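Colleague:
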Ligand SMILES: Cc1ncc(COP(=O)(O)O)c(C=O)c1O
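Residue numbers (the working numbering): 46 to 387.
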């Protein structure tokens, strides 16, 4: 554990995202990006609530003694069995984005409170979640009308893991339309959930744009929820892998970097390369026994880094420059490995 989560005090959300400082901001973390019990315990103790995307995540959080009122079942397309069990466990809040889901909820757990997830387009997002979830704002009206007819309780809307601040502006404008329409149908619309998508390197600009957009669109403050996943989790873990093999490209005329093979790869802890195109640059852990061996060349070296499988797709980094030669048995350190996006 390299960076302590307490560096990101959960109060940050209230102060930075809530333009009204209205004390109506809930801190929620998405469990899916890292369900490690130590991280979840720390979050729970910091009064962070939980966005659970599956029944397994709900069970895990409940087993920690977290009250079900602190959980959102934030998956808009749930299995019937999951809906039934979540309701039996007293989870109160879930999301929807389509008409069939409303029918299911009406039949199985009509007492649930609902957040309408609307589509937020962000062509720059590493994972285009809008392709899978979210009702276009034009459809939102039809869905709200149906929810009213079925006497379900819609209490707000959720936006999505956009990573482009402008996508948030449009999403907040759409949210306002949904709120206005919901209120015209006499829904008690109180919750604006801006979803996830925050990262260390984009939090400040996103929060700035979001605050302005919210205060422009909403004259009276809704309860504001954000569901960051990787923002909380990624700095929580540093990964250490061992070099198990090496290929020196000597005698090959092309200037290919030398190759390192590690004991973990894209089919394990480096899957973020597939899922979100993450790049990985390690550093050598300079253990006392390797700090000054005469055999090591301490000049800069280029390497490609590979996982342990026989699959040639299992390439962690096509090319990295290390400050020294890397040898079999060395340990390499990869930072910010605690958050995945699924
Ligand atoms: C509804 C919702 N909330 C939160 C998250 C967490 O996203 P991130 O890890 O990008 O913050 C996601 C990502 O899939 C999501 O779909």
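Heads up, the beta-carbon is just placed ideally off N, CA and C, and yes, glycines get one too.
Predicted, not measured: the structure shown is a model, and the values here were computed from it.
With 16 as the cutoff for other CB atoms within 10 Å, does residue 223 come out buried or exposed?
Modeller: The residue given as residue 223 occupies position 178 in the chain shown. Answer is buried; the Cβ neighbour count reaches 16.
Colleague: If residue 144 sits next to residue 188, beta carbons under 8 Å apart, how far is it from one beta carbon to the other, in whole angstroms?
Modeller: By one-based count along the chain shown, residue 144 stands at place 99. By one-based count along the chain shown, residue 188 stands at place 143. That belief holds up - the Cβ atoms of residue 144 and residue 188 are roughly 6 Å apart, short of 8 Å.
Colleague: Classify residue 72: buried if its beta carbon has 16 or more other beta carbons within 10 angstroms, exposed otherwise.
Modeller: Taking the chain shown and counting its residues from 1, one reaches residue 72 at position 27. Buried, by the Cβ-count rule.
Colleague: Restricting to Cα atoms, I'd like to know which of 321, 140, 255 and 213 is closest to residue 98.
Modeller: As a position in the chain shown, residue 98 is number 53, starting the count at 1. The shortest Cα separation from residue 98 among 321, 140, 255 and 213 belongs to 140.
Colleague: Between residue 241 and ligand 1, is there a pair consisting of the residue's CB and a ligand heavy atom that are separated by less than 7 Å?
Modeller: Within the chain shown, residue 241 is the residue found at index 196, counting from 1. Under cutoff, so the answer is yes.
Colleague: I want to check one thing, is the minimum distance from the CB of residue 80 to the heavy atoms of ligand 1 below 7 Å?
Modeller: Sequence index remark: in the chain shown, residue 80 carries index 35 (1-based). Checking the Cβ of residue 80 against ligand 1 gives no.
Colleague: Using a threshold of 7 Å, is the CB atom of residue 273 nearer than that to any non-hydrogen atom of ligand 1?
Modeller: Residue mapping note: residue 273 aligns to position 228 of the chain shown, counting from 1. The answer is yes for residue 273.
Colleague: Which residue from 343, 322, 324 and 320 puts its Cα closest to that of residue 331?
Modeller: Residue numbering aside, residue 331 sits at position 286 when the chain shown is read from its first letter. Out of 343, 322, 324 and 320, 343 has the C-alpha closest to the C-alpha of residue 331.
Colleague: Which same chain residues end up closer than 6 Å to residue 323 when comparing Cβ atoms and leaving out the 5 residues on each side of it in sequence?
Modeller: Here residue 323 refers to the residue found at position 278 when the chain shown is read from its first residue. Once the five neighbours on either side are set aside, the close Cβ partners of residue 323 are 317.
Colleague: Going by DSSP, what residue range makes up the alpha helix (DSSP H) through residue 102?
Modeller: Start at 1 with the first residue of the chain shown, and residue 102 comes out as number 57. Per DSSP, residue 102 belongs to the alpha helix (DSSP H) from 100 to 108.
Colleague: Name the residue from 353, 334, 365 and 356 whose alpha carbon lies nearest to the alpha carbon of residue 345.
Modeller: Here residue 345 is taken as the residue at index 300 of the chain shown, counted from 1. With distances taken between Cα atoms, residue 345 lies closest to 365.
Colleague: Apart from the five residues just before and just after residue 374, which ones in its own chain have a Cβ nearer than 8 Å to its Cβ?
Modeller: Position 329 of the chain shown, counting from 1, holds the residue named residue 374. If we look at residue 374 and ignore the five residues flanking it on each side, its Cβ neighbours are 287 and 288.
Colleague: Are there 16 or more other CB atoms within 10 angstroms of the CB of residue 319, so buried, or fewer, so exposed?
Modeller: What you label residue 319 is simply residue 274 of the chain shown in a count that begins at 1. Exposed, because fewer than 16 other Cβ atoms sit within 10 Å of the Cβ of residue 319.
Colleague: Which residues share a DSSP beta bridge with residue 118?
Modeller: Residue 118 sits at position 73 when you count from the first residue of the chain shown. Residue 118 pairs with 97 and 139.
Colleague: With a threshold of 16 other CB atoms inside 10 Å of the CB of residue 78, please say whether the residue is buried or exposed.
Modeller: Residue numbering aside, residue 78 sits at position 33 when the chain shown is read from its first letter. Buried: at least 16 other Cβ atoms inside 10 Å.
Colleague: At what residues does the alpha helix (DSSP H) containing residue 217 begin and finish?
Modeller: Here residue 217 refers to the residue found at position 172 of the chain shown. Here the alpha helix (DSSP H) through residue 217 covers 210 to 229.
Colleague: Could you tell me which whole alpha helix (DSSP H) segments of length 4 or greater appear in the stretch 254 to 297?
Modeller: Taking only runs of at least 4 residues, the alpha helix (DSSP H) segments lying wholly in the stretch 254 to 297 are 275 to 278.
Colleague: Could you give the DSSP three-state label for residue 243: helix, strand or coil?
Modeller: Position 198 of the chain shown holds residue 243. In the structure shown, residue 243 sits in coil (DSSP, three-state: anything other than H, G, I, E or B).
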